[in-house]
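*Asks:*
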Amino acid sequence: MESINSTGSKELQWKDSLTTESPLVRRLLIAAAFLYLTFFLFVPLLAVFVEALKGGLAAYVGSFLNDDAIAAIQLTLLVAAVAVPLNALFGVAAAWAIAKFDFAGKQILITLIDMPLAVSPVISGLIYVLLFGAQGWLGPWLLENDIKIIFALPGIVLATIFVTVPFVARELIPLMQSQGREEEEAAITLGASGWQTFRRVTLPNIKWSLLYGVILCNARAMGEFGAVSVVSGHIRGLTNTMPLHVEILYNEYNAVSAFAVASLLTLLAIVTLAAKAIVERKIHSPAIVADPIAGVQAGSSR
Amino acid sequence: MSIQVDQVTKRFGTFTVLNDVSLHVREGELVALLGPSGCGKTTLLRILAGLERPDQGRIFLQGTEVTDQRINERRVGFVFQHYALFRHMSVADNVAFGLTVLPRAQRPSVTRIQEKVRELLGLVQLQAMADRYPSQLSGGQRQRVALARALAVEPKLLLLDEPFGALDAKVRKELRRWLRRLHDELHITGILVTHDQEEALEVADRVVVMHQGRIEQVGTPDEVYEHPATPFVYQFLGDVNVFHGRVAQEQLAHGSVGAEAVLPSDVPDEHEVTFVRPHDLEVNRSRTNSSQLEANVRHVLAAGSRVRIELSTQESAQVIEVELTKERYRELNLREGEVVFVHPRHRRVFKLPRP
């Protein structure tokens, strides 16, 4: 008996060592990953809140309750409220076109959608300064007609839209391509109009991926610094978004307020991650499959 | 609904998928479009549905031209090879879809729709599955849901694109019998696309054999099987032995199998090809007439209701397939390696231009 047991466990060990690394290597790798993340991600994250609360709760709350901070928060929300729906709309339209139709220039469109990810955000801002700035191509004409784009809200919105174009489209294109056209064709042969087909067949099939894309798009729209910094002009209470406001406060050695506002953005990031995790789970295990089984089983047991 | 396809041509890029195809389907008929993949049968079906537009030619449904009519005005039911069920809707919602997208004035009441869904699910024997989702059904069940969904809008024409192609052999057989019965009950005009000759011959009233974008032959299953119009149809419908050879000069070459039959006159530029089905070959142990071909038994496959025997001719080592009844096989008592004499009871000679 004993001998059988010992050979059995030996075989197991032997097999184990064939398929995975030795325990020492495994522990080292896991520890390295944890240490790295703690040092570079968790400690800085913690530092934001520690610094923000250094002056006590009153000072923390006070950091938000002044006109400049409120204006910055409002501006950030406004910019996101314009940029995110626009990019969601564009993302769905572009993904639809790319996945469901064949046309010349399809590859160019896919590449163009990815461009904002490849370009430095500062360049993205500069593009608009070159286009609409006082010395830019359209600058003199805009000046004559008294239209302000650079150093004003439209410029900030434009730069944000540019930077956040890819998020929804990139999420949807592979999904819609893998889903194919058959369900839509079936809907049309059953008499559905184009809009009915979109609303009742396409949209339900893509809703979780769409939401996922919107969450990422929103996080980037609210957190964008580089591109917005170039076009904003940093006018307090007027063209400062939250990330810009943090920078100004910090440059003025107002560390508590800077970190307090930064903590808001950090909270946004945490909420985004949580929402992302939930939506990801929805995408990978659709409730529509799990629920009815439970329903059927409950029904039959009764 | 009668269908008239009038000289339809369709190209994808430089590839001609349909080449000047004309076809008439009578009201209430079930017609199979049969051919190998890439022959254009699915494209023809999609053109009839309105999912593709022909480059040339016209389509008439019930005598009215519909070439430029939108899909949702054609009242055509379409069943896809991979079912194309709406994955986020229950079976009942899938079936109800066509009714719920009707304009408000034509849309039946909610209770009437529910009733209709129940009726249709009864028709396809899936009442118990109404609340399930497509992912919880087997392939055969999904295709029946797809059929119920297509029938819900009371189409005058039902188009089926390889409806049983993704199913295993047993389910396929069951479903096609069931489809035939359903068609006999409903009297809907139906067109079925398939690459499975057995399916086409068993289900359809008429079979349209297609090859390389053209129609090779149209006829009842019996006609196309017993009297194939072209070498392609002969080869595509069932197994066949092909003998090449110019007859006049090579009377005794393997082209002369069964030479007692009158052969068509010989034209120097033409090439004679003789087609014989495996079950139309007569096998004997001794020579009974001079035109018999001498062959060796290479292989015997005795499984199944009929015995298949592989012979190879002594002159040219060409492989010949013969199908015998069990009785005849026992009578002959053949063993591998033995010498036999074969000649055809029936055959068909086609004259092809010399390659």
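Protein chains in written order, with the working numbering: chain Z, 1 to 302; chain Y, 1001 to 1355.
In this text, a Cβ means the ideal position worked out from N, Cα and C, and glycines have one as well.
Short of 8 Å Cβ to Cβ, which residues in the stretch 201 to 234 of chain Z face chain Y?
*Replies:* Val201, Pro204, Asn205
*Asks:* Can the beta-carbon of Z:Thr189 be found closer than 9 Å to that of Y:Val1076?
*Replies:* yes
*Asks:* In the structure shown, what three-state DSSP assignment does Y:His1088 receive?
*Replies:* coil
*Asks:* Could you name the residues of chain Z that Y:Ala1148 contacts, counting a contact when the two beta carbons are closer than 8 Å?
*Replies:* In chain order: nothing, as chain Z lies at least about 12 Å away.
*Asks:* Can you find at least 3 beta carbon pairs, one from the stretch 110 to 125 of chain Z and one from the stretch 158 to 169 of chain Z, that sit closer than 8 Å?
*Replies:* yes
*Asks:* Per DSSP, Z:Phe151 forms a beta bridge with which residues?
*Replies:* Note: Z:Phe151 sits in no beta bridge, so no partner.
*Asks:* For Z:Ile283, would you say it is in contact with chain Y, using Cβ-to-Cβ distances shorter than 9 Å as the test?
*Replies:* no
*Asks:* Should Z:Thr20 be labelled buried (16 or more other beta-carbon atoms within 10 Å of its own) or exposed?
*Replies:* exposed
*Asks:* Whole angstroms is fine: what's the gap from Z:Val82's alpha carbon to Y:Phe1164's?
*Replies:* Answer to the nearest angstrom: the Cα atoms are 50 Å apart.
*Asks:* Would you mind telling me which residues of chain Z sit closer than 9 Å to Y:Leu1102, beta carbon to beta carbon, in chain order?
*Replies:* Listed by position along chain Z, the residues whose Cβ is nearer than 9 Å to that of Y:Leu1102 are Gly191.
*Asks:* Who are the neighbours of Y:Val1153 on chain Z, taking C-beta pairs under 8 Å?
*Replies:* Going along chain Z in sequence order, the residues near Y:Val1153 (Cβ under 8 Å) are Leu190, Gly191.
*Asks:* Our contact map puts Y:Ala1358 next to Y:Leu1192 with C-beta atoms below 8 Å; I'd like the distance itself, whole angstroms only.
*Replies:* Chain Y is shown only over 1001 to 1355; residue 1358 of chain Y falls outside these bounds and no answer can be derived.
*Asks:* In the DSSP assignment, what residue or residues form a beta bridge with Y:Ser1312?
*Replies:* Y:Asn1296, Y:Val1319
*Asks:* Can you find a C-beta in chain Y that's less than 9 Å from the C-beta of Z:Gln107?
*Replies:* no
*Asks:* Report yes or no: do three or more beta-carbon pairs, one from the stretch 238 to 245 of chain Z and one from the stretch 30 to 38 of chain Z, lie closer than 8 Å?
*Replies:* no
*Asks:* Could you tell me whether any Cβ in chain Y is nearer than 9 Å to the Cβ of Z:Ala99?
*Replies:* No, no contact with chain Y.
*Asks:* Any Cβ of chain Y within less than 9 Å of the Cβ of Z:Arg196?
*Replies:* Per the sequence shown, residue 196 of chain Z should be read as Gln rather than Arg. Answer yes: the Cβ-Cβ gap between Z:Gln196 and chain Y drops below 9 Å somewhere.
*Asks:* With 9 Å as the threshold, decide whether the Cβ of Y:Ala1204 is near any Cβ in chain Z.
*Replies:* no
*Asks:* Runs of 4 residues minimum, wholly inside the stretch 1166 to 1237 of chain Y: which ones carry the alpha helix (DSSP H) assignment?
*Replies:* 1169 to 1186, 1197 to 1203, 1221 to 1226, 1231 to 1236
*Asks:* Quick check: the Cα distance between Y:Lys1173 and Y:Gln1081, rounded to an integer number of angstroms?
*Replies:* 16 Å
*Asks:* Going by Cα to Cα distance, which pick from Z:Ala255, Z:Val214, Z:Pro44 is closest to Z:Val84?
*Replies:* Z:Val214
*Asks:* Applying a beta-carbon distance threshold of less than 7 Å, which residues of chain Z neighbour Y:Gly1098?
*Replies:* Leu190, Gly191
*Asks:* Mind listing the chain Z neighbours of Y:Ile1071? Cutoff is C-beta to C-beta under 8 Å, in chain order.
*Replies:* Chain Z residues near Y:Ile1071: Ile188, Thr189.
*Asks:* By Cβ distance, which residues of its chain are closer than 6 Å to Y:Ser1265, with the 5 residues on each side in sequence left out?
*Replies:* Confidence in Y:Ser1265 is poor, its pLDDT being 44 and thus under 50, which makes the residue's placement unreliable; the coordinate value appears in the next sentence. Excluding residues within five positions, none has a Cβ falling inside 6 Å.
*Asks:* I'd like to know whether the C-beta atoms of Z:Glu183 and Y:Leu1085 end up nearer to each other than 9 Å.
*Replies:* Yes, they are a contact pair.
*Asks:* Skipping 5 residues on each side, what residues in its chain have a beta carbon closer than 6 Å to that of Y:Glu1282?
*Replies:* His1343, Arg1345
*Asks:* Using the C-alpha atoms, what's the distance from Y:Ala1204 back to Y:Asp1222?
*Replies:* Taking the straight line joining both Cα atoms gives about 11 Å.
*Asks:* Tell me, please, whether the CB atom of Y:Glu1260 is closer than 9 Å to any CB atom in chain Z?
*Replies:* Low confidence applies here, because Y:Glu1260 scores a pLDDT of 35, under 50, leaving its location unreliable and the question unanswered by this model.
*Asks:* Can you list the residues of chain Z that Y:Ala1084 reaches, using a CB-CB cut of under 8 Å?
*Replies:* By Cβ distance, chain Z contributes Glu182, Glu183, Glu185, Ala186.
*Asks:* Identify whether Y:Arg1285 lies in helix, strand or coil by the three-state DSSP scheme.
*Replies:* coil
*Asks:* As a quick exercise: from Z:Gln177, Z:Tyr128, Z:Thr76, pick the residue whose alpha carbon is nearest that of Z:Ala95.
*Replies:* Z:Gln177
*Asks:* Indicate whether at least one CB of chain Y lies closer than 9 Å to the CB of Z:Glu2.
*Replies:* Reliability fails at Z:Glu2, whose pLDDT of 42 lies under 50, so the model's placement of it is uncertain and the value that follows must be treated cautiously. So no, Z:Glu2 is outside the interface.
*Asks:* So who's on the other strand from Y:Thr1064, going by DSSP bridges?
*Replies:* Y:Leu1061
*Asks:* Over the uninterrupted beta strand (DSSP E) stretch that includes Y:Asn1241, give me the two end residues.
*Replies:* Y:Asn1241 -> beta strand (DSSP E) spans 1241 to 1244.
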